[in-house]
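When the letters of the sequence shown are read in order and numbered with numbering that gives the first Met the number 0, they come out as residues 0 to 1180.
We treat Cβ as the ideally placed atom computed from N, Cα and C, and that holds for glycine.
Note that the coordinates shown come from a computational prediction; the quantities given were computed from them, not determined experimentally.
What follows is one structure encoded as structure tokens, with my remarks underneath.
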Amino acid sequence: MGMDVSTLRTLISRYCVGEENWVDSRTIYIGHKEPPPGAEAFIQQRFPDNRIVSSKYTFWNFIPKNMFEQFRRVANFYFLIIFLVQLIIDTPTSPVTSGLPLFFVITVTAIKQGYEDWLRHKADNAVNKCAVHVVQHGKVIRKQSRKLRVGDVVFVKENESFPCDLVLLSTSRDDGTCYVTTASLDGESSHKTYYAVQDTKAYNTEKEVDLIHATIECEQPQPDLYKFVGRINVYMDNDPVARPLGSENLLLRGATLKNTQYIYAVAIYTGMETKMALNYQCKSQKRSAVEKSMNAYLVVYLCILISKAIVNTVLKYAWQADPSRDEPWYNDRTELERQRHIVIRAFTDFLAFMVLFNYIIPVSMYVTVEMQKFLGSYFMMWDDEMFDEELGERTVVNTSDLNEELGQVEYVFTDKTGTLTENNMEFIECCVDGHVYVAQAICNGQVMPGSASMDMIDTSPGPGAREHEELFFRALCLCHTVQVKEEETVDSIKLGIHQGKSTSFYISSSPDEVALVEGMKRLGFTYLRLKDSHMEILNREDEIERFELLQVLTFDSNRRRMSVIVRASTGEVYLFCKGADSSIFPRVISGKVDQVRARVEHNAVEGLRTLCVAYRPLSLVQYQEVCLLLNGAKLALQDRDKRLAEAYDLIEKDLILLGATAVEDRLQEKAADTIESLHKAGMKVWVLTGDKMETAAATCYASKLFHRNTQILELTTKRTEEQSLHDVLFDLRRTVLTHHGGWTRDITGLSGDYTDYGLIIDGATLSAVMKPGQEDSNSGNYKEIFLEICRNCSAVLCCRMAPLQKAQIVKLIKTSKEHPITLAVGDGANDVSMILEAHVGIGIMGKEGRQAVRNSDYAIPKFKHLKKMLLVHGHYYYIRISELVQYFFYKNVCFIFPQFLYQFFCGFSQQPLYDTAYLTLYNISFTSLPILLYSLVEQHINMDILKKDPALYRDIAKNSLLRWQSFIYWTVLGVYDAIVMFFGAYFLFDNTTFTSNGQLMTTNTQMMFGNWTFGTLVFTVLVFTVTFKLALDTHYWTWINHFVIWGSLIFFVVFSLLWGGIIWPFLNYQRMYYVFMQMLSSGPAWLSIVLLITAGLLPDVLKKVIWRAMWPTTTERIQMFAGLGYVPALLDNADKLYKGQLSEFTPLDRRRSSSTNRSRPNPPRTNWSCLRANTLSRNTS
């Protein structure tokens, strides 16, 4: 019978608590105590410890896992195969030529990635080993955070962070509440109120807490920060009392306790099962668009390489079909070679040709790219313009692999609070019956000097106006949930003492409530405290007024308003209500609605957050009816929220309008300018925030994301309750496509010829859109419809987003059919998921911890620094690495194609055209430094122009410099230069005669003839041609460019003289002895070198001249004007460059002369001058 009663009790308890959506649950025993006899069976479940792991490798798996990841790269795997082939068979070149560079690349990359992961291990250990306080056997003991277990009772003091997800049991406050900031979770730094369990809130000491006998049943871990379903069974005399648990009882890991001395709470989710950890994305290896292009080019060149090897192998055996050629008298085969099968011989020859031609894909390119990315990242870190003096912080580069991706961004996803805004609310003004009151002009009820021209408080209003004015101020002093802290410090920051007295500070779950109360204080009405259910106000006459707080009708996003019911000392009962204009005006029956509405609309256009204030006097009978409604709704265990909403709707009606307020959530410095510049650069900016829709929308207006002519489209829960999601989506699509004629709109235009659309969507509606399948078979794909709407909107605002939803939005755009490059920027732990999901993740060094910074690819002090990071550094990085990649393939086509042609003249014998030293040093020494320096310091356009004209960013969009057309052009140019070099040198040796000692000599050059002489001449022309080609492409010359470019050519000449002019004792043979000296002793050879270099470079020069004259890009137009000695005086619009309006430009020499007259100690910093301010001199000729 006992079992039946227990089962019945469980069913009734679950039904009363509400379990219509109950999922698989977990049972937690508080303090690890078994339930009393007769209760449910004791089944101890296994839970993970509280260890947090964000690292990628361990000590044991680092080498195999890292090697696997590196050899997944096509290039690394290819060079490994080539190296193994060189070890196995007899090849024309040494295995060292492939093995050493490969080993260097693998080692450097492994060290870099190992160091980055070691930093993550270090950060994890700092968190996992921090001390926490746990109640055991009636005492508080210390243990490491990683040793915390589910069921432990945790003791947390003020200003400490919660080590895991906790259910609140009791607090130091008598009412069982505590105040928490969740800035690192949802971006809101305001104080939020959480509630202890009703039956345990009286246990205030560790000994009392140790006596608690209870179990908690709750859902399994899931990532939604705003949802928690559970219940607690408290055993009183062995009989359980079931109480519901919701999100108001759950304290999340990473949140901080505020304005509460201490709390006791029980751990329910630990380690990687906490809600915050579940919102973290796994940190995967990110690859840039340039790297993907490199891999694609690599595959093409690999095909070319295989084709060359096959062609040469086939032609070799076709050539050896004649017995006299197969085994000439000077090269008899061994018996073993004669017996080897022809297939094996052909395959061996194929591999030998592969090794001979493998330099067409040089491993040195990957070494150079790694060095360029690593060294180039320091320019960002050393940039003085990206240093924030207030924070004392510079830009941090956590991942240098994505530098060039900063120049390819198409979508920017940004957090709001702490990223776009400073999270400081400021009271601007209020409007009472159409009269505006500006707080800056009033201090303690007195008009400030110089404010006579402002519309402010009338010092002698009529009786009715005065009464309404004071009622408005009282309403704002009473209608809130602000707490008063009578201490010298808030959030551990000492704020000072005024005249020997502690200053009072306001804290609240809503920062705009604090701003309104502080605004009223400046207007003469000061909220003092809430004491014994009475709210005290200091009025303008320094008299204390007491109002009994009877009811609080809390704010919710559906109603968009809140109310309080208070009783004045005279016995009158009032309902004061404040909320959004759309929720107040329909409920107003009297008041100066038109005047207040006009002011509200004016302030909304200015980007200010507005609230309307109204009241309703209640008679005793009406108040009793209100109490009955509210009490009935609050006692309901099922559909409590629905019944409360219905009660609120009945109570908040027949209001009398008092006025409106305007509050500003101050933007970060230059945030609006940055967003506007990103729009002009062709990027689409989305705001993803956990904040309320009204707050976020106001910020979007202030930051110029939404403009005055922007028509707002709402895809929110409120609208989907009125219409089905299917109908709303199709209505919105019809709206945007009808206006834009079915074409996807370019959002960067700001012309007034069409309507700008802005979309607002909330988290709940997004979840419905993102569901994998919809019930309505005719609905189609909601994701595609949603994306189509977004493409035709100038801006998108996503509010009430959970962290994982932010990542889902980023992934949705990232994986759409256009595959755009995405960037996510945020400052809190709630932004980590989208930062990891985006192609590029940017962390802001804000006030919300370092989680975002630690998990980001780049970290910047302020949002404004994003402008220079993308428009200048990103632009430069992309231009530089694009040239580096194309140039490397070009110079290696020039290098190896003559080797291919040479096989036709040496019987396909795999004879190298170049000496081994030249083969090894071509990519390592002779041609590597010039392109490396180019990729570090090249500035094709002055950085000031890039900042002033963001539209130049569009010239490099969509990976434009690494498209197939460009790739084919560089390849064809390389083949052309190779043909010119080879056949130009070949025809010089066309006529040969024997000398008296039997040597061959050319009659037209008087030069000793031989294959090494021929190869040396080709190689000399090759080195000079590819170096001059890079010099022609260089726009930004410094003394270091001159030193490296001309120095590399001098080094080649000096090395060749030494290599062939000295007898080296360590060499068994010296086939290059005196070859280079003999070649240079011939005058016609010098002329040939000059002619061949000129012939090789001429087509590229002509192509550039014709293209720039006929089809110039914006960048080329600016380069042309700069070359003529003009720079833009005002670059607000690049159209002036297109039309050639030279009147708008100032000659450079005149600019220099004028600038020398100014008292400016140093010239503007350039990218290279960030490295060494005074080491470079700029040559503008």
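- Methionine 868: not part of any alpha helix (DSSP H); DSSP gives it neither H nor E.
- Straight across, the Cα-Cα distance linking isoleucine 87 with aspartate 348 is about 13 Å.
- About 5 Å separates the beta carbons of arginine 145 and asparagine 49, which is inside the 8 Å limit, making them a contact pair.
- Boundaries for cysteine 163: no beta strand (DSSP E) harbours it, and the DSSP string shows neither H nor E there.
- In the three-state DSSP reduction, leucine 945 falls in the helix class (H, G or I).
- The beta carbons of glutamate 512 and histidine 479 sit about 5 Å from each other, so the pair counts as a contact at 8 Å.
- In the three-state scheme derived from DSSP, where H, G and I count as helix and E and B as strand, proline 911 is classed as coil.
- A Cβ-Cβ separation of about 11 Å leaves alanine 697 out of contact with leucine 666 under the 8 Å criterion.
- Put simply, the backbone Cα of threonine 919 is about 48 Å away from that of alanine 125.
- In the structure shown, arginine 528 falls within a strand segment according to DSSP collapsed to helix, strand and coil.
- Secondary structure at tyrosine 77: helix, using DSSP grouped into helix, strand and coil.
- Here methionine 833 is not bridged, per DSSP, to any residue.
- Annotated three-state conformation of asparagine 397 is coil, per DSSP.
- Nearest in C-alpha terms to phenylalanine 378, of all of Ile930, Tyr876 and Trp1058, is Tyr876.
- CA-CA distance, lysine 782 to arginine 733, rounds to 16 Å.
- Between valine 971 and methionine 385, the alpha-carbon positions lie close to 42 Å from each other.
- Contact between alanine 801 and proline 222 holds, with the beta-carbon distance rounding to 7 Å and staying under 8 Å.
- By a beta-carbon distance limit of 8 Å, tyrosine 296 does not contact phenylalanine 1013. Their separation comes to about 30 Å.
- Looking from the CA of leucine 470, the closest CA among Arg148, Ser568, Leu657 and Ile105 belongs to Leu657.
- Judged by DSSP secondary structure, serine 1087 falls within the alpha helix (DSSP H) whose first and last residues are 1082-1109.
- Aspartate 914 and asparagine 941 have their alpha carbons spaced roughly 43 Å apart.
- Of Ala644, Tyr622, Gln621 and Gln623, the smallest CA-CA separation from alanine 632 is found for Ala644.
- Looking from the CA of lysine 683, the closest CA among Leu786, Glu389 and Arg853 belongs to Leu786.
- Collapsing the DSSP output to three states places proline 361 in coil.
- If only complete runs of 3 or more residues are kept, the region 591-679 shows the beta strand (DSSP E) at 608-617 and 654-666, in order along the chain.
- By the C-beta criterion, the region 948-956 is judged not to be in contact with the region 895-908, since fewer than 3 inter-stretch pairs fall below 8 Å.
- Under the three-state reduction of DSSP output, histidine 212 falls in the coil class, being neither helix nor strand.
- DSSP places glutamine 482 in the uninterrupted beta strand (DSSP E) bounded by 482-484.
- Remark: C-beta atoms of methionine 833 and arginine 608 do not approach each other more closely than 9 Å.
- With the rule of 3 Cβ pairs closer than 8 Å, the region 245-260 does not count as touching the region 805-815.
- Under DSSP, no beta-bridge partner is assigned to threonine 1114.
- In this structure, the CA atom of asparagine 294 is about 16 Å from the CA atom of glutamate 403.
- Glutamate 428 has its alpha-carbon roughly 58 Å from the corresponding atom of valine 884.
- Considering only Leu961, Glu409 and Ile1092, the residue with the shortest C-alpha distance to isoleucine 820 is Glu409.
- By a beta-carbon distance limit of 8 Å, glycine 757 contacts leucine 796. Their separation comes to about 7 Å.
- Minimum Cα-Cα distance from valine 852 among the listed residues Phe925, Lys32, Ala828 and Lys55 corresponds to Ala828.
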